[in-house]
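The sequence shown begins at 1395 in our numbering and counts up one residue at a time.
Heads up, the beta-carbon is just placed ideally off N, CA and C, and yes, glycines get one too.
Read the structure below first, then the notes.
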Amino acid sequence: MLFAHDTELALRGAAALVNTAPTLPTDTEDLETVADLDEFLREWEWTGSRTGDPAELEAVRELRPRLRQLWTADTDTAVSLVNELLAEAGALPQLVRHGEWSWHLHATPPEAPLATRMAVEAAMAMVDVIRADELARLRVCAADDCQDVVVDLSKNRSKRFCDGGCGNRANVAAYRARKASS
Ligand SMILES: [Zn+2]
Ligand SMILES: [Zn+2]
């Protein structure tokens, strides 16, 4: 394991959140409705308070472009953004355990607004990434027609494609190209 388990989960969760946003002209909004958000939160096992209203959905959507910047920014810019997210939320790191999760960090109380908690969880994970000088593990999918963000947690830093099937498509394309040239 590269980072602590809660850091890795938070990074993957933040990437998944960023990837719900429409990027290319053909791409769709995956958080269209409050029900879509409910589903996303279930999938990523988010707990804590909810308002479940359109304002909450809107706040979560608006967080996405800010988090996306972490995948494309240089270190100095990423540091500013992380510090900004933590300061805005008045983040206060506390060790907690709940449900099946052993000791891990929360830096917002469970009653803080959802988008705030999501912002801080991502920012806290980025603190680990930046301190370990591993920002290069956050990148955009290598497929020409895909803008999804990727967290490369592999030992040999070999993950280039998102989990949306781009790796398979690239393999098939490479295979066809090899076949055509032979
Ligand atoms: Zn927790
Ligand atoms: Zn992709």
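Closer than 6 Å: residue i CB and nearest ligand 2 heavy atom
| i | result |
| --- | --- |
| D1542 | yes |
| A1415 | no |
| G1558 | yes |
| A1611 | The structure shown does not extend to residue 1611, since the chain is modelled only from 1395 through 1576, so no value can be given for it. |
| A1537 | yes |
Own chain partners of residue i with C-beta closer than 7 Å, once the 5 adjacent residues on each side are dropped
| i | result |
| --- | --- |
| L1411 | R1458, L1461, M1512 |
| T1502 | A1483, A1485, T1510, R1511, V1514 |
| V1473 | I1524 |
Strand pairing of residue i, partner residues [DSSP]
| i | result |
| --- | --- |
| H1492 | W1495 |
| H1500 | Q1488 |
| L1532 | V1545 |
Candidates the options, of which the one nearest residue i by Cα
| i | options | result |
| --- | --- | --- |
| Q1463 | P1448, D1522, N1562, D1542 | D1542 |
| V1534 | W1465, A1564, V1476 | W1465 |
| A1516 | V1545, E1494, R1572 | V1545 |
| V1521 | A1568, C1556, S1548, L1479 | L1479 |
| G1442 | S1576, E1505, R1572 | E1505 |
| L1547 | L1529, A1481, V1454, E1426 | L1529 |
| G1558 | A1481, A1409, R1455, A1574 | A1409 |
| N1413 | N1562, C1540, N1550 | C1540 |
Spatial neighbours of residue i in its chain, beta-carbon cut-off 8 Å, leaving aside the 5 residues before and after
| i | result |
| --- | --- |
| V1428 | G1446, D1447, P1448, E1450, L1451 |
| W1497 | L1489, V1490, R1491 |
Any non-hydrogen atom of ligand 1 closer than 6 Å to residue i Cβ
| i | result |
| --- | --- |
| W1495 | yes |
Own chain, CB closer than 6 Å to residue i, minus 5 neighbours either side, in chain order
| i | result |
| --- | --- |
| W1438 | G1407 |
Residue i beta carbon near ligand 3 (any heavy atom closer than 6 Å)
| i | result |
| --- | --- |
| F1555 | Of the ligands this structure carries, namely ligand 1 and ligand 2, none is ligand 3. |
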